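In this note's numbering, the protein residues as written are 404 to 1097.
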C-alpha cells in the first residue's frame, strides 16, 4: 500500500505505451494490464491450436485464461490495487490517505494515474531519464526526403534535416532531377547549362545547416545524388575504393571493411554522403597520420561541370592526385559542379581500444593540446557547468587483440515521439520560467546516464561490461541507428526529426588553432565562473565535443592543426524569443570566431560565424580561380555561397531581433528583444563582444 515516488509519471508512461499506442507487452514482464490478446491478429488461430493440443486445459490456469481472453480480464480492483497494475477509476484505487488520488494524465489525458502534488519539472525529468519502456517498439521512422514537390518533380522546396535554416527562409526550386548514372548526370547539367539555369546539388538527407543547397529564386534546379549510390570499384592491392557521390558514410566504410580495408578517420554521424562530406570538409578526430578529414584520403574525383556548346554544355572532368585543382575539389561547397565519383586511399582494417576517463576540468586548458598527441583517435567531451571533462582514450591496436566492440551512440538512436514531446515541453517550460536549476539538474542526470552507459559502447555489440572496449574500426568509428529503419508512422524517430515535437537546436562548430586553444578554454571557464548555471543548457545537449583536426592541403580545409568545438543548445520555435542566458552563448561564439579567429565548420553554424570567413583562408584566391575555371557562369553558385566566399555583401542579416538567431551581431537594442528585457551589451569577458543580455 506504499506508493512509489512519482508513481503517476511511470503509470502514465505505461498507459501511453500500452493504450494510446497499443504497445505489445513482453510476455515475461509487466504488471496486470488489460486487453492484450485483442492486439494480436492471430489470437484465434493460437486458441485453435491450444484447443487441439490441450482440449481439457490441463496446462491452463486462471491467469493464463484471463490473458488469452477466455475469462474476465486481468484487472484486480480493490483498495490500493493500482500499485499492482490496474487503471484507477476511483481515489480508493490509489492511496488517498497518503495524498495520492485518481487524476487524468499530464500528457495523455485519457490516462488515469494517481497523482500527488510534486515539482512538475523534476517529475518529467525522472520520466525522461529513468523510465524503462514496458512494451516493445521494433521499428522506427527514418527521416523523410528533404525535397518536397507539389507536382511530381516540379514546384519544389528543400530544407535541412532539422527542418529550418538559420534565417528560417523557405528554399524553392522549380524542379528536381534524380540522375541514376553519370551519363544521366551529364545530360541534366548540360540541359540546365544551355538554359543558363541555376543548379544546386542535394543529398539524400541534407544534413548541412547553412543554405548550401538553396538555388537563387524559384526557377533553379535541384540535382539530387540520392540514386547515385553505388560502389564502383574496390582494389585490394592498391587499397583504394571508388564510389558514387551519393553513397553514405555507413555504406562506404562497410564496403571497405568487407575487403579488409579501412578509412581511418570519419565523422561520428554515418548518415552523411560522400559528396556532402567533401562539400563541407567533414572530419573525425586525430592529429596522426594522413589527417582527420575525409577529404585528406581522396586521391581522385570525377566531377560533372558546365561546358561550352562545343562540348555539349556539360562534361566530366577527372581530377587526380598531383593536379592542383584537387585542392579545390576536396572541399568545394558545391560550387564547382556535381561530384560523380570519388576514389579514396584506404588502409588495412585494424582494431581500436577505447576507454572513457572522467576528470575534473581544472587543468583542461593545459591538457587539451598534449592529450591529442598522446592518443591517435582522441577527443574530449567537456561539461563546463559540472566542472568535468571526459577524455576518450582511443588508440589503434593489433587485430589479434580480443574484442568485437560496437559503438551505437545513444544520441543517434531512435526515440519514442511521446518521449521527445515531453523532453521538449520540459525544456520550453524551463526556458519560459527561467528555471536554470531545472536545466542543471537535468544536465547532471543526462551526463550521468551517458557516462554510465559508455556513450553507447558495448563490448560485444550487445552489452557494456567494462573498459577497454576493443573492436574493429568500422564498428566503432561512427554510428546513426535512427537513420535506417522501416517506417512505423513516427512512433519512434531521430531526436531532431521536424515532423514531431522533438529537439530543436542550434549547432555552433568552429576550430581554434593549437596555439590559441588554451586561451579560448580559459575564457570560457571565466564566463562559467561568472555565471555558473549558464552552460547547463549546453551540458544537457551532451556538452562541448572537442575533436582534433589536422592541417589540410585543401584550399578551404583547415590551414593548421586545431581543436574543433561542437556546441549544441536550445533554439526557440519563435525567432523573437530569447534563450535563457542568451548572452553567454553569443559571447562564446564571438570569442571563438572573432577573438581567436576560429574557422566555422562549413556545414554547421549560424550566419554570424561566417562573417568575413574567407579572409581566414590564405589560399582563398586559388580556390576562386578554380571555381571560375570550372563554372565561369556561376550556375552552381548562389547568393549564400557568394556571400561566404566574399564575392558580394556579407552574410549578416540586419533586422529586428536578428542577434537572437545569430543573423547579426547586435549593435542596437532592437537587434535583441528590448520588450522582453534583452538589450545589446558588451561581453562579460570579451569586452569587444556585443551580446543580447538582460
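A virtual CB, placed ideally from N, CA and C, is assigned to each residue, including glycine.
These numbers were taken from a predicted model, which means no experiment stands behind them.
Sixteen is the threshold: since fewer than 16 other Cβ atoms of the shown chains lie within 10 Å of the Cβ of residue 801, the residue is exposed. Proximity to residue 767 across 513, 711 and 922 peaks at 922, based on C-alpha coordinates. DSSP lists 559 as the bridge partner or partners of residue 552. Distance from the Cα of residue 603 is smallest, within the candidate group 590, 593 and 576, for 576. Rounded to whole angstroms, residue 690 and residue 963 show a C-alpha spacing of 11 Å. If only uninterrupted beta strand (DSSP E) runs of at least 3 residues are considered, those enclosed by the stretch 1059-1095 are 1082-1085.
Nearest neighbour of residue 422 by Cα position, chosen from 456, 462, 490 and 473, turns out to be 490. Residue state for residue 455 is assigned as helix, using DSSP reduced to three classes.
The shortest CA-to-CA distance from residue 1091 to any of 1064, 673, 840 and 991 is the one to 991. When secondary structure is reduced to three states using DSSP, residue 544 falls in the coil class, being assigned neither helix nor strand.
Boundaries of the alpha helix (DSSP H) harbouring residue 767: 767-777, taken from the DSSP string. Under the three-state reduction of DSSP, residue 939 is assigned to helix. With fewer than three CB-CB distances shorter than 8 Å, the stretch 972-986 does not count as touching the stretch 893-900.
Under a 10 Å Cβ-count criterion, residue 650 is classified as buried, with 16 or more other Cβ atoms of the shown protein chains found around its own Cβ. Counting C-beta pairs with one atom in each stretch, the stretch 915-932 and the stretch 846-861 have fewer than three that are closer than 8 Å, which means they do not touch. If you draw a 10 Å sphere on the C-beta of residue 863, you find fewer than 16 other C-beta atoms in it, and that means exposed. Between the C-alpha atoms of residue 803 and residue 790 there is a straight-line separation of about 38 Å. Around the beta carbon of residue 1089, 16 or more other beta carbons sit within 10 angstroms, so the residue counts as buried.
Annotation for residue 588: the continuous alpha helix (DSSP H) segment containing it runs 585-597. When only Cα atoms are considered, residue 973 and residue 967 end up about 20 Å apart. Here residue 624 is bridged, per DSSP, to 578 and 602. Per the C-alpha coordinates, the member of 1027, 567 and 676 positioned closest to residue 656 is 676. A check of alpha carbon separations from residue 827 across 612, 904 and 989 identifies 904 as the nearest.
In the three-state reduction of the DSSP assignment, residue 697 falls in the helix class, which pools H, G and I. DSSP places residue 948 in the uninterrupted beta strand (DSSP E) bounded by 947-952. Counting only runs of 4 or more residues that sit fully inside the stretch 609-663, the alpha helix (DSSP H) segments are 652-661, in chain order. Nearest to residue 619 by C-alpha distance, out of 1000, 654, 560 and 632, is 560. DSSP places residue 819 in the strand class (E or B) of the three-state scheme.
Distance from residue 762 to residue 786 at the Cβ level is roughly 11 Å; contact not present, criterion being Cβ atoms closer than 8 Å. Under a 10 Å Cβ-count criterion, residue 1029 is classified as buried, with 16 or more other Cβ atoms of the shown protein chains found around its own Cβ. The closest CA to that of residue 695, considering only 582, 1001 and 949, is found on 949. The C-beta distance from residue 884 to residue 872 rounds to 17 Å, too long to fall under 8 Å, and the pair is not in contact. When 1020, 976 and 579 are compared, the shortest CA-CA separation from residue 570 is found for 976. Spanning the alpha carbons of residue 624 and residue 605 requires a straight line of approximately 10 Å. Nearest to residue 693 by C-alpha distance, out of 1037, 997, 668 and 833, is 668.
Boundaries of the alpha helix (DSSP H) around residue 878: 876-879.
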